[in-house]
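Residue numbers (our numbering): 167 to 512. We put the beta carbon where it would ideally sit given N, CA and C, even for glycine. It should be emphasised that the depicted structure is a prediction, and the values quoted were computed from it without experimental measurement.
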């Protein structure tokens, strides 16, 4: 599962003398799927060699919409296992859970004092989640962007890897940093978006983006049997009703996954056989299933090894939280001084 993707990280274009530091947070959704890997995780792995990286499981964020909160801890562990198996390395990146760093709540509160209400009510996240959860439009949902900004600014991140659709969310964090700096003096780097290619990986229904909530996903840790079942259920070119009909690989999600998990020679052969009706969709899926299984077998082995070490995940999260708290404590000390609060007792 080694990615050929390389990320070019640049420092924030401002006058502050700060190290290049990457922050990215992900909600604890549990076991990760192929879309998560192609869209984000492979980029996380690549960035470890280029910058100081902070990778956070944002479990406080999950509380704003997650009704079954008893799953958060289990989902966090499953997510870390997948991250580790995919190549995220706690010796090269800080991997931690948001709620293990209590300084995040204080910075969230302090920043909330300078953020106009109008900024929050027009934020895309608030509008989208209010429509999705009309019976649970809570204060945490409204303040979500401030907590997100706090995640980034607490570690003085200069770079946040995002897709183009996420830039508006990051822009609010940038505005909060600018507002704080203008009012209290230069404190935070204004984080830059690291635009990366986040492929839109469609789910097995061929209509929606791969998603666990829609149950249209293929998990990285799926057994060979489950993986094959999922792949064989994938929707293909809707206009190809019979095996003798030529197919259109460019609109077929099975072929899209072939471009990631098959060799260039195999991709060319699949394309030729499909467009000339020399191969049926089931044969194409079987081919993809074999290649996916071969690609994910090392991942499953690594994941099983990490999972067999019962304390490994907790140790990694504990070490990561300690490193994160060290940075957060210094940032909060500076913020309290800037806003005029007395120093915290030691």
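Item: Residue ranges of each beta strand (DSSP E) within the region 329–393, 3 or longer; Value: 358–361
Item: Through-space distance from residue 445 to residue 402, alpha-carbon basis; Value: 13 Å
Item: Residues of its chain near residue 433, where Cβ-Cβ distance is below 7 Å and the 5 sequence neighbours each way are ignored; Value: 424 and 425
Item: Ranges of the beta strand (DSSP E) found wholly within the region 201–285, counting only runs of at least 3; Value: 218–223 and 259–263
Item: Residue 455, DSSP secondary structure in three states; Value: helix
Item: Cβ-based burial, residue 259 [other Cβ within 10 Å; buried from 16]; Value: buried
Item: Residues near residue 322 in its chain [Cβ-Cβ closer than 7 Å; skip 5 each side]; Value: 184, 187, 354, 355 and 497
Item: Selected residue, minimal CA-CA separation from residue 264, among 470, 238, 447 and 327; Value: 238
Item: Separation of residue 220 from residue 415, as counted between CA atoms; Value: 39 Å
Item: Buried or exposed by the 16-neighbour rule on C-beta atoms within 10 Å, applied to residue 179; Value: Bear in mind that a pLDDT of 38 at residue 179, under 50, signals an unreliable position, so the number given afterwards is only what the model happens to contain. So residue 179 ends up on the exposed side.
Item: Distance CB(residue 319)-CB(residue 357) smaller than 9 Å; Value: yes
Item: Cβ neighbour criterion (16 or more within 10 Å) applied to residue 421; Value: buried
Item: For residue 327, three-class secondary structure by DSSP; Value: strand
Item: Best match in 437, 376, 314 and 443 for proximity to residue 190 [C-alpha to C-alpha]; Value: 314
Item: Local Cβ density within 10 Å of residue 508, reported as buried at 16 or more and exposed below that; Value: exposed
Item: Nonlocal neighbours in the same chain, by C-beta distance under 7 Å from residue 495, ignoring five residues either side; Value: 269
Item: Per-residue burial, residue 331 [other beta carbons within 10 Å of its own, 16 or more giving buried]; Value: exposed
Item: CA nearest to the CA of residue 249, picked from 195, 294 and 502; Value: 195
Item: Per-residue burial, residue 383 [other beta carbons within 10 Å of its own, 16 or more giving buried]; Value: buried
Item: C-beta contact flag for residue 378 and residue 227 at 9 Å; Value: no
Item: Residue 361 and residue 312 closer than 9 Å at C-beta; Value: no
Item: Spatial distance of residue 395 from residue 452 (CA atoms); Value: 10 Å
Item: Nearest-angstrom Cα separation, counted from residue 247 out to residue 471; Value: 10 Å
Item: Residue 499, enclosing beta strand (DSSP E) - first and last residue; Value: Looking at the DSSP string, residue 499 is not in any beta strand (DSSP E); the run it does join, the alpha helix (DSSP H), is 478–505.
Item: First through last residue of the beta strand (DSSP E) which encompasses residue 192; Value: 187–192
Item: Distance between residue 464 and residue 251 (C-alpha atoms, nearest Å); Value: 8 Å
Item: Burial state of residue 460, where buried means 16 or more other Cβ atoms lie within 10 Å; Value: exposed
Item: Straight-line gap, residue 505 to residue 348 (C-alpha atoms, nearest Å); Value: 12 Å
Item: Residue environment, residue 486, which counts as buried when at least 16 other CB atoms sit within 10 Å; Value: buried
Item: Residue 344 versus residue 500: straight-line alpha-carbon distance, rounded; Value: 16 Å
Item: Chain-order list of residues whose beta-carbon lies under 6 Å from that of residue 428 (same chain, five-residue window excluded); Value: 457
Item: Neighbour-count burial assignment, residue 241, 16 or more Cβ in a 10 Å radius; Value: buried
Item: Through-space distance from residue 286 to residue 309, alpha-carbon basis; Value: 7 Å
Item: Residue-level contact to chain B via CB, residue 391, 9 Å cutoff; Value: Looking at the structure shown, chain B is missing, and only one protein chain is on hand.
Item: Secondary structure of residue 438, DSSP reduced to three states; Value: helix
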